[in-house]
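Since the structure comes first, as structure tokens, the remarks are kept for the end.
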Amino acid sequence: MSSPLIMVGAGHAHLIALRGWIEQGYQVPPGSILISPEPHAWYSGMMPGMLAGRWQAEQCRIALAPLCDATGLTLHIGRLAHLDADNRLLELDSGEQLRSTVVSINSGAINPAPPDNDQSLAVIGAKPFADLFHYWQTWQAGDSPEKLVILGGGAAAVELALALQKALPRSQLTLLCASRLLAGHPAGAARTTRSLFAQRGITLHENIAVTAIERGSLRSADAPPVAADAVILATGTAPAAWQPQSGLATDKAGFISIDATLQSTSHPQIFASGDCAALAGCPHSGVYAVRQGPILGANLRAQLQGGPPQLRFEPQPRALALLATADRQALACYGPLALRSRAALWLKNRLDTDFMRSLQLDCPPG
Ligand SMILES: Cc1cc2nc3c(=O)[nH]c(=O)nc-3n(C[C@H](O)[C@H](O)[C@H](O)COP(=O)(O)OP(=O)(O)OC[C@H]3O[C@@H](n4cnc5c(N)ncnc54)[C@H](O)[C@@H]3O)c2cc1C
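Residue numbers (UniProt numbering): 1 to 366.
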């Protein structure tokens, strides 16, 4: 039996699409499904604040059952393992097979890992967050690694380093980035971050591309090995293994190629959004995934009702980035400007809590 709609992953774009359908009073056709590995979705924007002790876990995750109940979706706990795009046949990691008329994929990305790994270290992706959350709980309970290394040099890596330094004062933190620190941000953001790292005892090595994890160390062609007890990957985005084998058109890296209506360029019955997809001019970031949400909601609804998807997503050329610095301040970056202030953290908190309030249907309004 075929479902009218299967939504894979409760990423930002899907959550916003569901919120829109609730506001419009739209009910999906009976038999439609949302597949998610967990009964809730973590909100990455608040993760560093949670690790630093600013938020409780419940404030940072969204229960999916109320959103599904309100839109007529069935929540199916599972993980997509393989997609046969030509037949819109989905296989979950349990072996279960599902077929659908329309498929929408918003399952995020994984963190690229060093190509060689002898498994001598605990390697933890920043995403999916549940893994890092589990380690963080163990570390908080007193078993923190002596030497903790974060790989990556973007906003997520910086926020995680500052948050974990605060949470785990007994760990020696090192950040290794393959390029210059915060390369996609204004130069002032990197300067401020370098000085914060120096003040807080976080070791920073820039322009070191780690190619191997070997005998408890991180190895590169450019520098001596760096010893570690645990490694966190905040290395940007790589596609899930099933994506390049799905039959969907992808870019060179394996992200699903989509057009401005958020439909696959090869299979228009399949939509993709957020970090799993490749759209010209659209960076992989939560801000852009959120902005795709209303377009996705409208276009999926049109497709399910037999009409053509008409709304087009035009990525904005720049977006405000707010990096929490684990000291009651945040670093605001916009275009060439970077400024660290309490006002920036106030704004970040405001935007994050408004976002969560609009999606946490299980929480009383407050
Ligand atoms: C620590 C950290 C902080 C960040 N802070 C910010 C920020 O402040 N602002 C910003 O713009 N970006 C931020 N980002 C980046 C942001 O998290 C991502 O760009 C964004 O989450 C992408 O959203 P998405 O809609 O693609 O899906 P995601 O939010 O990645 O969600 C994907 C969902 O799909 C599920 N899923 C995964 N695989 C499967 C599968 N096989 N089957 C079914 N379900 C699956 C996952 O469980 C998850 O719920 C941060 C990232 C990190 C790591």
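We put the beta carbon where it would ideally sit given N, CA and C, even for glycine. Since we're looking at a predicted model, the values are computed, not measured.
Can you tell me whether residue i is buried or exposed? The criterion is at least 16 other CB atoms within 10 Å of its CB, across all chains shown.
i	result
M1	exposed
S32	buried
K252	exposed
P283	exposed
G307	exposed
Q56	exposed
D352	buried
A280	exposed
Q24	exposed
E159	buried
S120	exposed
Q305	exposed
Q263	buried
I208	buried
Is residue i near ligand 1, judged by its Cβ being under 7 Å from some heavy atom?
i	result
K166	no
S257	no
V149	no
R215	no
M47	yes
R350	no
G108	yes
G236	no
V158	no
S36	yes
S120	no
S144	no
residue 370	The displayed coordinates of the chain run from 1 to 366. Any statement about residue 370 would go beyond what the structure contains.
R79	yes
G11	yes
residue 415	Any property of residue 415 remains undetermined from this structure, which presents the chain solely from 1 to 366.
G281	no
V8	yes
G95	no
G286	yes
K127	yes
S104	no
S44	yes
A240	yes
A161	no
Nearest CA to the CA of residue i: which residue from the options?
i	options	result
T71	P30, L83, L196, A326	P30
S217	R79, C60, A122	A122
G73	A10, R340, G142, Q310	Per the sequence presented here, residue 73 reads as Leu, with Gly not at that position. Here the closest residue by C-alpha is A10.
N117	A17, V231, L345, V28	V231
I213	I124, D362, V8	I124
E58	T261, V28, C68, M46	M46
L5	A302, A343, Q360	A302
residue 419	L322, C333, Y334	Absent from the model: residue 419. The displayed extent of the chain is 1 to 366, so no value can be given.
F355	R340, F313, A344, G286	G286
L320	G153, L345, A298, P145	L345
F197	P224, A81, A223, L162	L162
residue 450	G95, L34, R200, L248	For residue 450 there is no data in the structure shown, the boundaries of the chain being 1 and 366.
A278	A298, G297, F313	F313
K147	N299, A221, G201, A126	G201
T203	I258, A221, A228, R215	A228
C68	H40, F133, H267	H40
Q360	I62, I35, L34	I62
W139	P66, R79, S171	S171
P37	L51, G49, I22, A65	A65
Considering residue i, what are the terminal residues of the alpha helix (DSSP H) in which it resides?
i	result
E214	No alpha helix (DSSP H) holds E214; the beta strand (DSSP E) holding it covers 210-214.
M47	47-51
A130	129-140
I6	It is not in any alpha helix (DSSP H) - I6 instead sits in the beta strand (DSSP E) that spans 2-8.
F197	187-200
T71	64-71
G20	12-24
V158	155-167
Which two residues bound the contiguous beta strand (DSSP E) that contains residue i?
i	result
P315	Per DSSP, P315 belongs to no beta strand (DSSP E) and is neither H nor E.
R99	97-105
S341	337-341
G286	Where G286 is concerned, there is no enclosing beta strand (DSSP E), although the alpha helix (DSSP H) it sits in stretches over 286-304.
E91	89-92
W42	40-42
K147	147-151
residue 373	This structure does not reach residue 373, given that the chain is present from 1 up to 366, and the question cannot be answered.
F271	270-272
Please confirm whether any heavy atom of ligand 3 lies closer than 7 Å to the CB of residue i.
i	result
A63	Here the bound small molecules are ligand 1; ligand 3 is not part of this structure.
Within 8 Å, do at least three Cβ pairs link the region 225-237 to the region 101-114? yes
Could you tell me whether the region 88-103 touches the region 260-279, using the rule of 3 or more Cβ pairs below 8 Å? yes
Quick check: the region 331-347 against the region 175-190, are there 3 or more CB pairs under 8 Å? yes
Taking three-plus beta-carbon pairs below 8 Å as touching, is the region 158-174 in contact with the region 75-95? no
Does the region 289-300 come close enough to the region 11-22 to have 3 or more Cβ pairs within less than 8 Å? yes
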